[in-house]
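Visitor: Handing you this structure, nothing more for now.
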Amino acid sequence: MNIRVRLFATLREGRGKELMLEALNEGVTPKDIINRLGILEEEVAILLINGRDGEMSTVLKVNDVVSIFPPVGGG
Amino acid sequence: MFGFTGKVLRINLKEKSIKTEPLNMDLAKKYVGGRGLAEKYLMDEIDPKIDALSSENKLIFVTGPLSGTPTPTGGRYMVVTKSPLTDTVACSNSGGRWGAELKMAGYDMIIIEEKSDKPVYININNDEVTIRDASHLWGMVTSEVTEALIKEIGDEKVKVANIGPGGENLSRMAAIMNDIDRAAGRSGVGAVMGSKNLKAITVRGTGKPAVANPEKLKEVVANCNKKIRENGVTGQGLPTYGTAVLVNIINENGVFPVNNFQSSHFAKAEDLSGETLAEKYLIKRVGCYGCPIACGRHCKVDDLESGGPEYETIWGFGADCGVSDMGAVIKANYWCNELGLDTISASATIAAAMELYQKGYIKEEDTDGVPLEFGNADAVIQWTKRMGKREGLGDKLADGSYRLCEMYGVPELSMSVKKQEIPAYDPRGIQGQGLAYATSNRGGCHVRAYLISPEILALPEKLDRFSLEGKPQWVKVFQDLTAVIDSSGLCLFTSFAMGAQDYADMYNAVCGTDHTAQSILEAGERIWNIEKLFNLESGLSITDDTLPKRLLEEPIVDGPSKDNVARLGELLPNYFVARGWDENGVPTEERLEKLGIIVPPVKHKMKY
């Protein structure tokens, strides 16, 4: 199963903007993905799955897009 | 009471009289300072029904009790007047150094009355205040007038607040600029200054505001600075990327309006992102007076270097006009600073003009060689200049999108609330923010209640952005707290890291008061209510507490927020209940009494 991961702001350092993770096992979650990318859970402020609020434990589906943000703000 | 200088500078430009008078300390205590206090003064001194560009309007520059003190971000000032754009009360807030300098010169407030018969500027050097000829400065852009005044006064340290050609030409979106690239941007306050023939106010101050409890203040400030440093947004996100860091997150949520809100997801958002800005265009980071965050940017493209651009500006000249060329955005932003235009209203008005062009209302022959096509990067630069100078059709754009679209018989194409353009977040996918836009006392605005914080950024906690539950109460609390932050003289960005209790602690240490979190929020509510009373007196009503038809009726067409509309009709009645107002959104006698607001009986009977 393939999952597209989009990283933003400081999380890009050393990892790039966008990654296609291939041949993932069924049942993979965002928690598994951040572990694989060496991102700590406390570094993640906002997690989106296909542009909607996601949970670390959500079971991902084929072709899901996971967007991961550190704390950001402005206005 | 400490924190305040206790002095008001009252200048009548017709009589050329300059007086100082004691600040009304009872009102200062009741209305916090800054925004709230100046609005109370304005309301007591003018009839809200007057034409905002008539000589009867007054223009107030006000600092907060925390301005110029060691509190984090304590360098702000506000401009309070009646808005020529919205006909509501206007309060535009700006950073930089000018505000702190005014406080150090010894004034809480400058009240400008009447109009001068010829261009003038006001020079303040502590107790010495003079009104001087500005004929030679009229027509100059911001950088020119700033340089000329610093030279003329002969003091490198003098701080300049000015209007550009936008304000001189009475553009209803004209800003008042200070320190070259900071802006009291919204609601056309620059046009009011222009209507008075007042080109600039220069300030030099060497005093220091007295603080009630310096030891306590040291402790409280250390605590607040620690919170700001340790918070991910104020300690890392904003310093590293500036406000533009929002481009990607707002777009990923599918609430980043494109082509005048015809779509809400921009395929080329990455080109406009804070990450791209930092990588390709950033020259340096800049902090305002006393600011530990330093979100300000200086960017350069070709030969143009300027402060900014901020997130809202990037969205406006970028996605909202269908443009992905960051260089063009930086140039348009540069011209807004030079001409003294509000970047949100300017860019959103160009976006509206582009839709008028797309739909055939504006013809190609009206565009003098620069077609108003979505995606035309050169157009956002050229039309900004034409607006500021009122050239050709730019003359019509200069009064904002509502009046422009109304001229063509389609006011619904203006994405505005109370005739002021709404900014960079599509409320169809952020229900609380929609309510905040509709009920904002100064028209379309994100900084009267920034619900983006809980609905998107998960601060202080994550709310479901599509849900209506609890949103009226959240909007009310955010509106009241924001009124307190503005009024105290601090930057709203501190609220990413701080709460009501922190503001009460700082206020108490500076002013010697005994506010609790609850009592300071109640002061904010008092401010919100007098703003509402001003607007009602001005002639606004519940029919103005709404959103553009498109956002209420046309679902988002694409992206992660597809198929949603703003469900304002379901939220508004509950908001009125949360405010203790009647079903028409009018403050009840009971609530006003509870807040200690005394409405003159004659007005009261006439209106409510």
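From first to last, the protein sequence lines stand for chains S and F. Sequential numbering of the first sequence, starting at 69, is according to my numbering. Sequential numbering of the second sequence, starting at 26, is according to my numbering. Ideal Cβ placement from N, Cα and C applies to all residues, glycine included.
1) So, are the CB atoms of Ala463(F) and Leu476(F) less than 7 Å apart?
2) Mind checking the region 125 to 142 of chain S against chain F and listing, in chain order, the residues whose C-beta falls within less than 8 Å of any C-beta there?
3) Establish whether the CB of Arg104(S) and some CB of chain F are separated by less than 7 Å.
4) Assuming Val645(F) is part of the beta strand (DSSP E), what are its boundary residues?
5) Of the residues Leu517(F), Ala474(F) and Glu295(F), which one's Cα is nearest the Cα of Arg74(S)?
6) Within the chosen definition, does the region 33 to 42 of chain F reach the region 240 to 249 of chain F through at least 3 CB pairs nearer than 8 Å?
7) Taking 8 Å as the limit between beta carbons, can you name the residues of its chain near Asp403(F), skipping five residues before and five after?
8) Check the C-beta distance from Asp393(F) over to Gly417(F) and give it rounded, since I have them as a contact under 8 Å.
9) Enumerated in chain order, which unbroken segments of the alpha helix (DSSP H) with a length of 4 residues or greater are wholly contained in the region 512 to 598 of chain F?
10) Report the residue ranges of all alpha helix (DSSP H) runs contained in full by the region 70 to 157 of chain F; include only those spanning at least 4 residues, in chain order.
11) Whole angstroms are fine: how far does the CA of Ser141(F) sit from the CA of Trp499(F)?
12) Determine whether the beta carbon atoms of Gly549(F) and Val611(F) lie at a separation below 7 Å.
13) Using beta carbons (cut-off 7 Å, strictly below), is Pro585(F) in contact with chain S?
14) Could you round the C-beta distance between Gly82(S) and Ser478(F) to whole angstroms and report it? I think they count as a contact, below 8 Å.
15) Applying the 10 Å Cβ sphere with the 16-neighbour rule, what's the burial state of Leu108(S)?
16) For Ala483(F), would you say it is in contact with chain S, using Cβ-to-Cβ distances shorter than 7 Å as the test?
17) Please check if any C-beta of chain F sits within less than 7 Å of the C-beta of Gly82(S).
18) In chain S, which residues lie less than 8 Å from Gln261(F) when you measure between Cβ atoms?
19) For Arg120(S), go through chain F and note every residue whose CB falls closer than 7 Å to its CB, in chain order.
20) List in chain order: all unbroken beta strand (DSSP E) runs of 3+ residues lying wholly within the region 351 to 430 of chain F.
21) Determine the closest residue to Ser331(F) out of Leu364(F), Trp340(F) and Glu300(F), with distance taken between C-alpha atoms.
22) On the DSSP bridge assignment, give the partners of Phe76(S) in chain order.
23) To the nearest whole angstrom, what separates the beta carbons of Arg254(F) and Gly262(F), a pair I think is in contact under 8 Å?
24) I need the straight-line Cα distance from Ile117(S) to Asp132(S), nearest angstrom please.
25) Skipping 5 residues on each side, what residues in its chain have a beta carbon closer than 6 Å to that of Leu488(F)?
26) Closest Cβ-Cβ distance between Tyr427(F) and chain S: below 7 Å?
27) With three or more C-beta pairs closer than 8 Å as the rule, is the region 108 to 126 of chain F touching the region 165 to 180 of chain F?
28) Could you compute how far the alpha carbon of Asn250(F) sits from the alpha carbon of Ala522(F)?
29) Alpha carbon to alpha carbon, how far is Asp121(S) from Glu86(S)?
30) Spatial neighbours of Val326(F) within its chain, please: CB distance less than 8 Å, with the 5 preceding and 5 following residues excluded, ordered by chain position.
31) Whose C-alpha, out of Gly84(S), Ala91(S), Ser125(S) and Val127(S), is nearest the C-alpha of Gly106(S)?
32) Contact defined as beta carbons within less than 8 Å: I believe Gly59(F) pairs with Met129(F). What is the distance between those atoms, to the nearest angstrom?
33) Drop a sphere of 10 angstroms on the beta-carbon of Lys632(F), count the other beta-carbons inside from all chains shown, and report buried for 16 or more, exposed for fewer.
34) Tell me which residues of the region 177 to 206 of chain F have at least one Cβ-Cβ distance to chain S shorter than 9 Å, keeping chain order.
35) On the CB-based measure, 16 or more other CB atoms within 10 Å of its CB, does Val33(F) come out buried or exposed?
36) Could you please tell me which residues of the region 303 to 326 of chain F, in chain order, have their CB closer than 8 Å to any CB of chain S?
Guide: In terms of the structure at hand:
1) Residue numbering aside, residue 463(F) sits at position 438 when the second sequence is read from its first letter. Residue numbering aside, residue 476(F) sits at position 451 when the second sequence is read from its first letter. For the 7 Å CB-CB criterion, Ala463(F) and Leu476(F) do not form a contact.
2) Hits within the stretch, in order: Ser135, Phe137, Pro138, Pro139, Val140, Gly141 and Gly142.
3) Sequence index remark: in the first sequence, residue 104(S) carries index 36 (1-based). Answer no: the Cβ-Cβ gap between Arg104(S) and chain F never drops below 7 Å.
4) Here chain F covers residues 26 to 633 and nothing more, so residue 645(F) does not appear.
5) Within the first sequence, residue 74(S) is the residue found at index 6, counting from 1. It is Glu295(F) whose Cα lies nearest to the Cα of Arg74(S).
6) No, the region 33 to 42 of chain F is not in contact with the region 240 to 249 of chain F.
7) Taking the first residue of the second sequence as 1, we reach residue 403(F) at position 378. For Asp403(F), where only same-chain residues beyond five positions count, the Cβ hits under 8 Å are Ala353 and Val395.
8) Working through the second sequence from its first residue, we reach residue 393(F) at position 368. Working through the second sequence from its first residue, we reach residue 417(F) at position 392. With a Cβ gap of about 5 Å, Asp393(F) and Gly417(F) count as contacting.
9) Taken in chain order, the complete alpha helix (DSSP H) segments of 4 or more residues contained in the region 512 to 598 of chain F are 525 to 536, 542 to 563 and 574 to 578.
10) If one requires a minimum length of 4 residues, the alpha helix (DSSP H) runs lying completely within the region 70 to 157 of chain F are 123 to 129, in chain order.
11) Counted from its first residue, the second sequence places residue 499(F) at position 474. Counted from its first residue, the second sequence places residue 141(F) at position 116. Roughly 45 Å separates the two Cα atoms.
12) Translated into positions along the second sequence, residue 549(F) becomes position 524. Translated into positions along the second sequence, residue 611(F) becomes position 586. Taking the C-beta atoms as reference points, Val611(F) is found no nearer than 7 Å to Gly549(F).
13) Position 560 of the second sequence, counted from the first residue, corresponds to residue 585(F). Answer yes: the Cβ-Cβ gap between Pro585(F) and chain S drops below 7 Å somewhere.
14) Here residue 82(S) refers to the residue found at position 14 when the first sequence is read from its first residue. Here residue 478(F) refers to the residue found at position 453 when the second sequence is read from its first residue. The distance from the Cβ of Gly82(S) to that of Ser478(F) is about 29 Å, inconsistent with a contact at the 8 Å cut-off.
15) The residue labelled residue 108(S) in the question sits at position 40 within the first sequence. Exposed, because fewer than 16 other Cβ atoms sit within 10 Å of the Cβ of Leu108(S).
16) Counting from one through the second sequence, the residue named residue 483(F) turns up at place 458. It does: the Cβ of Ala483(F) has a partner Cβ on chain S nearer than 7 Å.
17) The count along the first sequence starts at 1 and reaches residue 82(S) at position 14. Against chain F, the CB of Gly82(S) has no partner CB under 7 Å away; the residue lies outside that interface.
18) The sequence position of residue 261(F) within the second sequence is 236, counting from 1. Residues of chain S passing the Cβ test: Thr78, Pro138 and Pro139.
19) Position 52 of the first sequence, counting from 1, holds the residue named residue 120(S). Neighbours of Arg120(S) on chain F, chain order: Pro585.
20) The qualifying runs do not exist here; there are none.
21) Along the second sequence, read from residue 1 onward, the residue named residue 331(F) stands at position 306. Cα-wise, what sits closest to Ser331(F) is Leu364(F).
22) For this step, residue 76(S) is matched to residue 8 along the first sequence. For Phe76(S), which the question treats as bridged, DSSP gives no partner whatsoever.
23) By 1-based counting over the second sequence, the position of residue 254(F) is 229. By 1-based counting over the second sequence, the position of residue 262(F) is 237. Not confirmed; about 13 Å, so no contact.
24) Here the question's residue 117(S) lines up with position 49 in the first sequence. Here the question's residue 132(S) lines up with position 64 in the first sequence. The straight-line gap from Cα to Cα measures roughly 7 Å.
25) The sequence position of residue 488(F) within the second sequence is 463, counting from 1. Hits under 6 Å: Pro479 and Glu480.
26) As a working note, residue 427(F) is residue 402 in the second sequence. Chain S contact via Cβ: absent.
27) As far as the Cβ criterion goes, the region 165 to 180 of chain F does not touch the region 108 to 126 of chain F, which means the pair count is below three.
28) In the second sequence, counting from the first residue as 1, residue 250(F) sits at position 225. In the second sequence, counting from the first residue as 1, residue 522(F) sits at position 497. Across the structure, Asn250(F) and Ala522(F) are spaced so that their CA atoms are roughly 9 Å apart.
29) The sequence position of residue 121(S) within the first sequence is 53, counting from 1. The sequence position of residue 86(S) within the first sequence is 18, counting from 1. Each residue's CA atom was taken as its position, placing Asp121(S) and Glu86(S) some 19 Å apart.
30) As a first step, residue 326(F) is located in the second sequence; it is residue number 301 there, counting from the start. So the list reads Tyr306, Met351, Gly352, Ile355 and Lys356, once near-sequence residues are dropped.
31) Against the first sequence, residue 106(S) aligns to sequence position 38. When the alpha-carbon of Gly106(S) is set against those of Gly84(S), Ala91(S), Ser125(S) and Val127(S), the nearest one is in Gly84(S).
32) Numbered from 1 along the second sequence, position 34 holds the residue referred to as residue 59(F). Numbered from 1 along the second sequence, position 104 holds the residue referred to as residue 129(F). 16 Å between Cβ atoms; not a contact.
33) What you label residue 632(F) is simply residue 607 of the second sequence in a count that begins at 1. Residue placement at Lys632(F) is flagged as unreliable, the pLDDT there being 44, under the threshold of 50; the coordinate-derived value follows with that caveat. Burial call: exposed.
34) Residues: none.
35) Your numbering for residue 33(F) matches position 8 in the second sequence. Buried, by the Cβ-count rule.
36) Within the region 303 to 326 of chain F, Cys320 place their CB atoms closer than 8 Å to a CB of chain S, listed in sequence order.
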